[in-house]
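Numbering (our numbering), first residue to last: 14 to 200.
Presented below is the structure to which this report refers.
Below, the structure written as structure tokens:
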């Protein structure tokens, strides 16, 4: 449809423009029959794992599979908006390139071995226990009770909120006796 240049307004031009988008059926039957992929899915509220802002997210899942992650419009922090990293949180779970194993090189070895994540977590726990037991000081030379371990330090990430940092501090100081504890948010 040819339209004259917009140099002057005429009734004919307005009539032609008024018909644009006025189709009585602007969507096809196939489109009208489509349902949202989150329909019937369970909703779990979560928090974005990236920064310390703590934007709330809606996680839709069915049968143990995550279907969608979006911003929570009821959040007083972000009002349903997510930054580009937060909007891509779904890729943390479904990305085929996601790391599911670790590379381990034994002491004095010249090659790397692939090991499962569960094995790596157990290994880290064993090494923490061994290091703590070796460096644990129950009493000073003068007999004062200190119950601390200075051979391990902890640096927390900025994504942790106050409650999580409180629990980590309690575990590390009260449970393991670790004294050098710092958080990235203070550095």
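For glycine and all other residues, C-beta sits at the position ideal for the given N, C-alpha and C.
Item                                                                                                                            : Value
Beta-bridge pairing of residue 104 - partner residues as DSSP gives them                                                        : Looking at the DSSP assignment, residue 104 forms no beta bridge with any residue, so it has no partner.
Spatial distance of residue 162 from residue 179 (CA atoms)                                                                     : 19 Å
Cut-off 7 Å between Cβ atoms - residues of its own chain near residue 185, not counting five sequence neighbours on either side : 167, 191 and 194
Nearest-angstrom beta carbon gap, residue 128 and residue 115 [assumed within contact, 8 Å]                                     : 5 Å
Other residues of its chain near residue 92: CB distance less than 7 Å, five sequence neighbours each side excluded             : 86
CA nearest to the CA of residue 70, picked from 126, 54 and 102                                                                 : 102
Alpha carbon of residue 187 to alpha carbon of residue 49, nearest angstrom                                                     : 49 Å
Helix, strand or coil at residue 51 [DSSP, three-state]                                                                         : coil
Pick from 60, 183, 79 and 165 that is closest to residue 52, judged by C-alpha positions                                        : 79
Assigned exposure category for residue 156 - 16 Cβ within 10 Å defines buried                                                   : exposed
Presumed contact (8 Å Cβ cut-off) between residue 64 and residue 95, rounded CB distance                                        : Rounded, the Cβ-Cβ distance is 11 Å, inconsistent with contact.
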